[in-house]
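**Student:**
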Amino acid sequence: MLSAIQIIKTIILIITGSCGLLLNSWIVAVHLSHWKKGVSLGDCDQIILIKGVTNVLLQCLLTFNGIKYNFQLNDYFDKEFIYVTYIVFFFLVSLWNWLTAWLAICYCLRLGNIAHRFFIGLKKRISSGITQLLLGTVVVLGMISIPFFWTPHIKVKQNTTSTLVFEQDIKYHYFMIAFCVCLPTLITSLCMGLSLKSLLKHVHRMKQNHSQSWSGKMKTHARACMTIFFLLALNLFFFLMIFIGIIETNITILWEIIFWSIIMASPSGQALILLFGNSKLRSDLLKTCF
Numbered sequence: 251m252l253s254a255i256q257i258i259k260t261i262i263l264i265i266t267g268s269c270g271l272l273l274n275s276w277i278v279a280v281h282l283s284h285w286k287k288g289v290s291l292g293d294c295d296q297i298i299l300i301k302g303v304t305n306v307l308l309q310c311l312l313t314f315n316g317i318k319y320n321f322q323l324n325d326y327f328d329k330e331f332i333y334v335t336y337i338v339f340f341f342l343v344s345l346w347n348w349l350t351a352w353l354a355i356c357y358c359l360r361l362g363n364i365a366h367r368f369f370i371g372l373k374k375r376i377s378s379g380i381t382q383l384l385l386g387t388v389v390v391l392g393m394i395s396i397p398f399f400w401t402p403h404i405k406v407k408q409n410t411t412s413t414l415v416f417e418q419d420i421k422y423h424y425f426m427i428a429f430c431v432c433l434p435t436l437i438t439s440l441c442m443g444l445s446l447k448s449l450l451k452h453v454h455r456m457k458q459n460h461s462q463s464w465s466g467k468m469k470t471h472a473r474a475c476m477t478i479f480f481l482l483a484l485n486l487f488f489f490l491m492i493f494i495g496i497i498e499t500n501i502t503i504l505w506e507i508i509f510w511s512i513i514m515a516s517p518s519g520q521a522l523i524l525l526f527g528n529s530k531l532r533s534d535l536l537k538t539c540f
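Residue numbering for the sequence shown is 251 to 540, as defined by our numbering.
#1: Are the beta-carbon atoms belonging to Ile380 and Gln296 less than 8 Å from one another?
#2: Classify Gln520 as buried or exposed, calling it buried when 16 or more other Cβ atoms lie within 10 Å of its own Cβ.
#3: Can you round the beta-carbon distance between Ser268 and Leu361 to whole angstroms, since I take them to be within the 8 Å contact cut?
#4: Looking at Leu273 and Leu522, is the spacing between their C-beta atoms short of 8 Å?
#5: Quick one: is Gly316 buried, meaning 16 or more other Cβ sit within 10 Å of its Cβ, or exposed?
#6: Ignore the nearest five residues each way along the sequence and tell me which others in Cys310's own chain have a CB closer than 6 Å to its CB.
#7: Which of helix, strand or coil does DSSP assign to Val289?
#8: Cβ atoms of Leu391 and Trp346: under 8 Å apart, would you say?
#9: I need the DSSP call for Ser529, collapsed to helix, strand or coil.
#10: Compare the C-alpha of Ile507 against each of Leu450, Ser518 and Gly495 and name the closest.
#11: Once DSSP output is grouped into helix, strand and coil, what is the label at Thr260?
#12: Got a sec? Which residues, its chain only, sit under 6 Å from Leu308 by beta carbon, not counting five neighbours each side?
#13: Which one of Gly270, Ile501, Ser511 and Lys469 has the shortest CA to CA distance from Gly527?
#14: Under 8 Å Cβ to Cβ from Asn324, same chain only, skipping five residues before and after it: list those, please.
#15: Roughly how far, in whole angstroms, is the beta-carbon of His281 from the beta-carbon of Ile298, given that I think they are within contact range, below 8 Å?
#16: If we ignore side chains and look at the alpha-carbon of each, how far apart do Lys287 and Glu330 end up?
#17: Using C-beta distances below 7 Å, list every residue in its chain close to Thr410, excluding the 5 sequence neighbours before and after it, in chain order.
#18: Just curious, the alpha helix (DSSP H) that Cys358 is in, first and last residue?
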């Protein structure tokens with residue numbers, strides 16, 4: 251017999267899982283359809299495409315782990331399999347974070363009027379090598395997510411059975427948090443600050459010219475700043491919920507459901523931010539719906 255909490259969590263799983271898969275699959279399908287028609291995808295479009303694929307995989311993994319946790323099915327899976335799901339989860343979340351950083355860099359370089367030689371060279375390299383950059387990000391994150399920081403050894407019990415035990419290297423654990431969470435968050439924050447500074451310069455120049463109407467470029471600039479801000483806020487909120495859930499042992503049922511909902515709905519939230527922050531995706535969605 252399911253308890254009331256299990257029923258509530260099951261409803262949350264159904265809603266968040268369905269929305270996350272549907273919205274992110276839509277993002278992937280739209281970009282693939284454009285690519286199939288011969289439309290070349292820009293650097294931001296390629297990042298959003300990979301972000302959609304990542305969100306689909308992450309939503310599947312979150313839903314699977316949610317079902318396993320909600321219905322207490324851990325005993326039906328080997329410990330090695332559970333460790334693998336943790337590795338995949340950390341890889342997807344790390345890729346999630348770095349893709350946000352690359353998107354913030356592309357928006358900043360495209361919209362911000364930064365005349366420094368370093369940024370001009372960076373813009374040319376990213377525009378011409380975005381595919382290699384994304385592939386390299388996947389490869390590097392995949393390599394460091396492999397559990398080299400776990401030292402396996404065999405623990406023998408009563409000279410008859412043996413168990414594979416994993417011990418974490420805490421120093422490498424700190425390195426992974428710094429490289430996969432802190433560094434991309436810092437880069438995203440810096441790019442958002444530069445983009446916002448550029449937008450404020452445009453607004454100040456508009457006031458000096460006594461102009462009251464916003465140009466299309468300024469609207470795009472403002473929408474890009476809002477997109478990066480909401481993505482950054484969602485990432486930070488997601489990691490905050492996970493951190494609180496790990497260190498806090500006496501969580502009330504209400505807060506547990508809130509934390510559960512936020513974590514499960516994060517891929518859906520990213521999809522909504524990308525849909526309404528990208529004019530192409532938004533127009534295709536409106537055409538399909540109406």
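Built from N, CA and C at the ideal position, the CB exists for glycine as well.
**Tutor:** Looking at the coordinates:
#1: Taking the first residue of the sequence shown as position 1, residue 380 is located at position 130. Taking the first residue of the sequence shown as position 1, residue 296 is located at position 46. Contact flag set, yes.
#2: By 1-based counting over the sequence shown, the position of residue 520 is 270. Buried is the call here.
#3: Within the sequence shown, numbered from 1, the residue matching residue 268 stands at position 18. Within the sequence shown, numbered from 1, the residue matching residue 361 stands at position 111. Not really, about 34 Å apart at Cβ, beyond 8 Å.
#4: On the sequence shown, residue 522 is found 272 positions in, with the first residue counted as 1. On the sequence shown, residue 273 is found 23 positions in, with the first residue counted as 1. Taking 8 Å as the Cβ cut-off, Leu522 and Leu273 qualify as a contacting pair.
#5: Within the sequence shown, residue 316 is the residue found at index 66, counting from 1. The residue is buried, with at least 16 neighbouring Cβ atoms inside 10 Å.
#6: Here residue 310 is taken as the residue at index 60 of the sequence shown, counted from 1. Leaving aside the five residues that flank Cys310 on each side, none in its chain has a CB nearer than 6 Å to its CB.
#7: Sequence index remark: in the sequence shown, residue 289 carries index 39 (1-based). Here Val289 sits in coil by DSSP.
#8: Within the sequence shown, the letter at position 96 stands for residue 346. Within the sequence shown, the letter at position 141 stands for residue 391. Taking a C-beta distance under 8 Å as the contact criterion, Trp346 and Leu391 do not qualify as a contact pair.
#9: On the sequence shown, residue 529 is found 279 positions in, with the first residue counted as 1. It is helical.
#10: Locating residue 507 in the sequence shown gives position 257, where the first residue counts as 1. The alpha carbon of Ile507 has as its nearest neighbour, out of Leu450, Ser518 and Gly495, the alpha carbon of Gly495.
#11: Taking the sequence shown and counting its residues from 1, one reaches residue 260 at position 10. Helix at Thr260.
#12: Against the sequence shown, residue 308 aligns to sequence position 58. Leu342 and Pro517, listed in sequence order.
#13: Mapped onto the sequence shown, residue 527 falls at position 277. Ranking the options by Cα distance to Gly527, first place goes to Lys469.
#14: Against the sequence shown, residue 324 aligns to sequence position 74. So the qualifying residues of the chain are Lys318 and Ile332.
#15: The residue labelled residue 281 in the question sits at position 31 within the sequence shown. The residue labelled residue 298 in the question sits at position 48 within the sequence shown. Rounded, the Cβ-Cβ distance is 7 Å, consistent with contact.
#16: The count along the sequence shown starts at 1 and reaches residue 287 at position 37. The count along the sequence shown starts at 1 and reaches residue 330 at position 80. Between the C-alpha atoms of Lys287 and Glu330 there is a straight-line separation of about 44 Å.
#17: Here residue 410 is taken as the residue at index 160 of the sequence shown, counted from 1. With a pLDDT of 49 at Thr410, under the threshold of 50, the predicted position of this residue should be treated as unreliable, though the coordinate-derived value follows. No residues qualify anywhere along the chain.
#18: Here residue 358 is taken as the residue at index 108 of the sequence shown, counted from 1. Element bounds for Cys358: Lys329 to Leu361.
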